[in-house]
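Let me begin by presenting the structure, written as structure tokens, before commenting on it.
See below:
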């Protein structure tokens, strides 16, 4: 089944049963306790970016379209009440490019998440492609999420904290959450080596660390403050693996720590990622950030961030300043204007935007990205 056919089938399913859907198996009668929901997000804006490297000594400015505050996606999730407080659950979520309709995450139909499992009072156990624990520890102190600006411009793993063939367990107790994830082959897709969407690291069946991933997380998310920490390790694969991890002996590890506090309706956060990526010449780095979200009116919000990335024993570093305004047209739709300034030092040439193709500045140069657009969730 190709991509377009699958989408048509999904749409037909939802139109036939908009409130709830039933799946009949041999001899099993459907019940109204079984539900299927179609959901998603679409974001599209117009971007201006300056100081784009062009050739050896030239630069240019660029105007283009892309998704600014979040990567667009659609999803199908469902659950079935099995009794005793236990539910069978699944989630199929695929990213796409609104400008041309093509899929993201290395061309996968459901490249963001694709899992099935059980959920109950003893926790949630799921199997498939899903977020690693690092995602849950960082997302609640990162208002810029997987958008084109913010932490994603300094660490490509912010928008790609997922693993194939993984077993995940999360436990919830009031405002406290803990979880672990283990992947037997963190990324089986052979995609574009210029992006982090696919790593060509499927792993092997025999006992080995090749392409394995494991992560763990603990988080407290209260009404006025919250705190979270996580640790994740990705193992390398073969000479064909992207990202420099060309051997199981090489690893990419991240320790995260962060939290937030609220004053009235305003929320402020601080975070730290200590990374050791043995696929790089200068593997060790620290990423610090401070962020805030302030409601100016019930319909207008301002988000800001200052983030600093430094590599140990290296002149390579980058400083990011981001400011965004959001005007709510409804609970599901808002207009936005967002801008980022990035200043590189050393040999770094990180861009102020992750909209592809990524328009990098000259090494050690600065860049500004400004995006105006609209975002709708459904």
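In this note's numbering, the protein residues as written are 4 to 381.
Glycine included, every Cβ here is placed at the ideal spot set by N, Cα and C.
Locate the alpha helix (DSSP H) running through residue i, then write down its first and last residues.
| i | result |
| --- | --- |
| residue 139 | 136-142 |
Assuming contact is defined by CB atoms lying nearer than 8 Å, are residue i and residue j in contact in what I supplied?
| i | j | result |
| --- | --- | --- |
| residue 2 | residue 345 | No answer is possible for residue 2: it lies beyond the span of the chain, which begins at 4 and ends at 381. |
| residue 274 | residue 144 | yes |
| residue 353 | residue 321 | yes |
| residue 133 | residue 82 | no |
| residue 402 | residue 339 | Residue 402 falls outside the range modelled here, since the chain spans only 4 to 381, and no answer is possible. |
| residue 75 | residue 95 | no |
| residue 365 | residue 62 | yes |
| residue 78 | residue 48 | no |
| residue 173 | residue 126 | yes |
| residue 326 | residue 290 | no |
| residue 360 | residue 52 | no |
| residue 123 | residue 178 | no |
| residue 142 | residue 166 | no |
| residue 73 | residue 150 | yes |
| residue 270 | residue 296 | yes |
| residue 349 | residue 301 | no |
| residue 71 | residue 341 | yes |
| residue 156 | residue 356 | yes |
| residue 115 | residue 233 | no |
| residue 262 | residue 229 | yes |
| residue 43 | residue 303 | no |
| residue 202 | residue 246 | yes |
| residue 347 | residue 372 | no |
| residue 139 | residue 252 | no |
| residue 272 | residue 294 | yes |
| residue 111 | residue 100 | no |
| residue 164 | residue 135 | yes |
| residue 334 | residue 315 | no |
| residue 109 | residue 194 | yes |
| residue 227 | residue 265 | yes |
| residue 169 | residue 184 | yes |
Over the uninterrupted beta strand (DSSP E) stretch that includes residue i, give me the two end residues.
| i | result |
| --- | --- |
| residue 281 | Counting along the chain, residue 281 falls outside any beta strand (DSSP E), and DSSP gives it neither H nor E. |
| residue 77 | 76-86 |
| residue 354 | Counting along the chain, residue 354 falls outside any beta strand (DSSP E), and DSSP gives it neither H nor E. |
| residue 363 | Here residue 363 belongs to no beta strand (DSSP E), and DSSP marks it neither H nor E. |
| residue 331 | 320-331 |
| residue 69 | 61-69 |
| residue 345 | 336-348 |
| residue 43 | 37-57 |
| residue 167 | 165-176 |
| residue 207 | First-last for residue 207: undefined, no H or E at that position. |
| residue 183 | 179-186 |
Bridge partners for residue i per DSSP, in chain order?
| i | result |
| --- | --- |
| residue 152 | Answer by DSSP bridge pairing: none, since residue 152 is not bridged. |
| residue 298 | 304 |
| residue 213 | Note: residue 213 sits in no beta bridge, so no partner. |
| residue 372 | 52, 343 |
| residue 289 | 277, 313 |
| residue 381 | BP columns for residue 381 are empty, so no partner. |
| residue 89 | 86 |
| residue 194 | The partner list for residue 194 (beta bridge, DSSP) is empty, contrary to what the question assumes. |
| residue 261 | 231, 274 |
| residue 218 | 184, 235 |
| residue 266 | 269 |
How about residue i: is its C-beta nearer than 8 Å to some C-beta of chain C?
| i | result |
| --- | --- |
| residue 151 | Here chain C cannot be found, since the structure has a single protein chain. |
Under 8 Å: do the region 256-266 and the region 217-234 share three or more Cβ pairs, one atom per stretch?
Taking one beta carbon from each stretch, the region 256-266 and the region 217-234 have 3 or more pairs nearer than 8 Å; the two touch.
Taking only runs of the beta strand (DSSP E) that begin and end inside the region 94-142, which ones reach a length of at least 3 residues, in chain order?
Runs of the beta strand (DSSP E) lying entirely within the region 94-142 and spanning at least 3 residues, in chain order: 116-123, 126-134.
Going residue by residue through the region 222-258, where are the continuous beta strand (DSSP E) segments of at least 3 residues, counting only ones entirely within it?
Within the region 222-258, the complete beta strand (DSSP E) segments of 3 residues or longer fall at 228-238, listed in chain order.
Three or more C-beta pairs under 8 Å: does that hold for the region 236-243 against the region 261-277?
Contact fails: fewer than three Cβ-Cβ distances are below 8 Å.
With three or more beta-carbon pairs closer than 8 Å as the criterion, would you say the region 85-95 touches the region 110-130?
Judged by Cβ distances under 8 Å, the region 85-95 makes contact with the region 110-130, as three or more pairs qualify.
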